[in-house]
Amino acid sequence: MLLFLVNALCNSNYIVIFNTDDNENYKSVYARNLDRTVRYFSNSDSIVNTTVNGYIANLSRATAKKLRNDSSVRLVEKDKEFGIFKVADKIDVFIEEEIFLEEKKISEPWNLGRISGTPKYIAPKSAGEGVTVYVLDTGIEKDHREFKGRARMGLNLVENSPDTDENGHGTHVSGIIAGETVGVARKSELVGVKVLDKKGFGVISRVILGLDYVIREHAKKLEDFKLNLLLNQRNDTFFLRALGQVVENAKYPKTVVNMSVGGLRSKAMEFTIDYANKLGIHFSVAAGNDHDDACEYSPGSSPKVINVGASDMKNKAAFFSNFGICVDVFAPGVDIYSAWIKNTYRINSGTSMASPHVAGVMALFLSEKIYAPDDLFNQIVNDSELVVEPENNPYDNIPDSNTLLPLLSTKKLLGRIQEKSEIVEKL
669 MLLFLVNALC
679 NSNYIVIFNT
689 DDNENYKSVY
699 ARNLDRTVRY
709 FSNSDSIVNT
719 TVNGYIANLS
729 RATAKKLRND
739 SSVRLVEKDK
749 EFGIFKVADK
759 IDVFIEEEIF
769 LEEKKISEPW
779 NLGRISGTPK
789 YIAPKSAGEG
799 VTVYVLDTGI
809 EKDHREFKGR
819 ARMGLNLVEN
829 SPDTDENGHG
839 THVSGIIAGE
849 TVGVARKSEL
859 VGVKVLDKKG
869 FGVISRVILG
879 LDYVIREHAK
889 KLEDFKLNLL
899 LNQRNDTFFL
909 RALGQVVENA
919 KYPKTVVNMS
929 VGGLRSKAME
939 FTIDYANKLG
949 IHFSVAAGND
959 HDDACEYSPG
969 SSPKVINVGA
979 SDMKNKAAFF
989 SNFGICVDVF
999 APGVDIYSAW
1009 IKNTYRINSG
1019 TSMASPHVAG
1029 VMALFLSEKI
1039 YAPDDLFNQI
1049 VNDSELVVEP
1059 ENNPYDNIPD
1069 SNTLLPLLST
1079 KKLLGRIQEK
1089 SEIVEKL
């Protein structure tokens, strides 16, 4: 797909997505539908060609209406705010280095052992190796000691901001995914995609451009592998083996996206996620902290993501977590201990903390086996542990809420790996 980003002097920003992948066709639509002022102020430097089939531009309401009536246009959506889901509580605590080191001697974060079903966290030896997890958030403090050289800033879409995390949210999320001592998949690679500013605010168009970057990176991994294949094709054995791997990886490279961000439902966001998902990209997203129907918020409204609600230490749905048929699984999201900016640590709560647990578990699965997104979705949901909610749970008073809470669990994954190892040993 192709996306134009246009900067001009007009009324509002709009996201325009076409019905076709034919370059000449939608370039024609682009030319005939833009306002005269947009055409005048646009130049080669203000148009960015990317993989998404459409453009983002400042348009008048009249032009937006004209585009909506064009048969070549799939949708026209006014840009909306997107950001960190807030939790109204006072449980956030900064933890300095000395306190952390002392605590580490006593125990590890409660949430890790909870997902493996053991007093101390257990993960497969592969631990997410070979998997790249993209974190669309406030950026990442790549030099934090938790990441040990496995993190980088991939793209910064926030103007006039440094290529790092000024807020802390993105670093906290990244620590849960792949931190050396506080993370789920401790050998996976982390890539920060900065789509939110230091206050945690952003817009949907910026997030879509972030997803566009992930799609490009995803495609580049395959191209790099093909190049390596061509350079080594003299070795017939290697060539045949690698050729089979290319065919498999072409469908499902090991790319995971975590989105602990959100806003009101967006069809443009849903379309972009659907496109990326068809390319084999896996998504874990936060359900939201408004104690509301999760279907009303993006990116969780997309059927192509694992939408994650938050659970607490008592295996109850957190009081703030969104709920409903659009929530696929619950993961620890209360009092979660993870990395923070300035090489420190912090305890945070929210579905923002729940989603990276699933992203980390996705990396664990993918380091063991290649999965299509739909297959991995079903495997993680089917492996979840169904827990009966207490009678005093407020969710019981909500129509159509489930009494059985599906909690994220790696127990079955670990069991399958152990069984496989035992079979190998017997052989």
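In this text, residue positions in the sequence shown follow the working numbering: the first is 669, and each later residue adds one.
Glycine included, each C-beta is placed from N, C-alpha and C at the ideal position.
Residues bridged to residue i [DSSP beta-bridge criterion]
i, result
"residue 823", "861"
"residue 1006", "1014"
"residue 800", "857, 923"
"residue 805", "862"
"residue 998", "977, 1075"
"residue 881", "Looking at the DSSP assignment, residue 881 forms no beta bridge with any residue, so it has no partner."
"residue 829", "For residue 829, which the question treats as bridged, DSSP gives no partner whatsoever."
"residue 954", "976"
"residue 1028", "In the DSSP output, where bridge partners are listed per residue, residue 1028 has none listed."
"residue 746", "682"
"residue 1033", "Partner(s): none; residue 1033 has no beta bridge."
"residue 1053", "1075"
"residue 930", "751"
"residue 961", "991"
"residue 815", "Per DSSP, none; premise fails for residue 815."
"residue 966", "931"
"residue 870", "750"
"residue 741", "686"
"residue 985", "979"
Cβ neighbours of residue i in the same chain (closer than 6 Å, five flanking residues each side left out)
i, result
"residue 842", "803, 808, 858"
"residue 834", "866"
"residue 779", "1000, 1004"
"residue 874", "825, 863"
"residue 722", "671, 684, 685, 686"
Rounded Cβ spacing between residue i and residue j (contact assumed at less than 8 Å)
i, j, result
"residue 824", "residue 862", "4 Å"
"residue 838", "residue 860", "6 Å"
"residue 687", "residue 755", "Not confirmed; about 40 Å, so no contact."
"residue 814", "residue 962", "With 8 Å as the limit, residue 814 and residue 962 do not qualify as a contact, their Cβ atoms being about 30 Å apart."
"residue 777", "residue 1005", "4 Å"
"residue 791", "residue 850", "Contact doesn't hold; Cβ gap of about 13 Å is too wide."
"residue 1073", "residue 979", "7 Å"
"residue 939", "residue 743", "7 Å"
"residue 1016", "residue 840", "6 Å"
"residue 983", "residue 1029", "In fact, because the Cβ distance is near 17 Å, the residues do not count as touching under 8 Å."
Under 8 Å between C-beta atoms of residue i and residue j
i, j, result
"residue 796", "residue 944", "no"
"residue 936", "residue 872", "yes"
"residue 955", "residue 928", "no"
"residue 977", "residue 998", "yes"
"residue 868", "residue 751", "yes"
"residue 1082", "residue 1033", "no"
"residue 1023", "residue 952", "yes"
"residue 1053", "residue 1085", "no"
"residue 727", "residue 784", "no"
"residue 1045", "residue 930", "no"
"residue 848", "residue 810", "no"
"residue 941", "residue 1048", "no"
"residue 1002", "residue 981", "yes"
Neighbour-count burial assignment, residue i, 16 or more Cβ in a 10 Å radius
i, result
"residue 820", "exposed"
"residue 733", "exposed"
"residue 1075", "buried"
"residue 1021", "buried"
"residue 805", "buried"
"residue 830", "exposed"
"residue 855", "buried"
"residue 1087", "exposed"
Same chain, Cβ closer than 7 Å to residue i, neighbours up to 5 away in sequence not counted
i, result
"residue 745", "682, 683, 934, 935, 936"
"residue 782", "1000"
"residue 1027", "801, 845, 924, 926, 952"
"residue 789", "776, 780, 781"
"residue 878", "804, 823, 825, 861, 863"
Neighbourhood of residue i by C-beta, 8 Å cutoff - its chain only, sequence neighbours within 5 removed
i, result
"residue 769", "Model confidence at residue 769 stands at a pLDDT of 43, short of 50, so the residue's coordinates are unreliable; what they give is reported in the following sentence. Contacts found: none."
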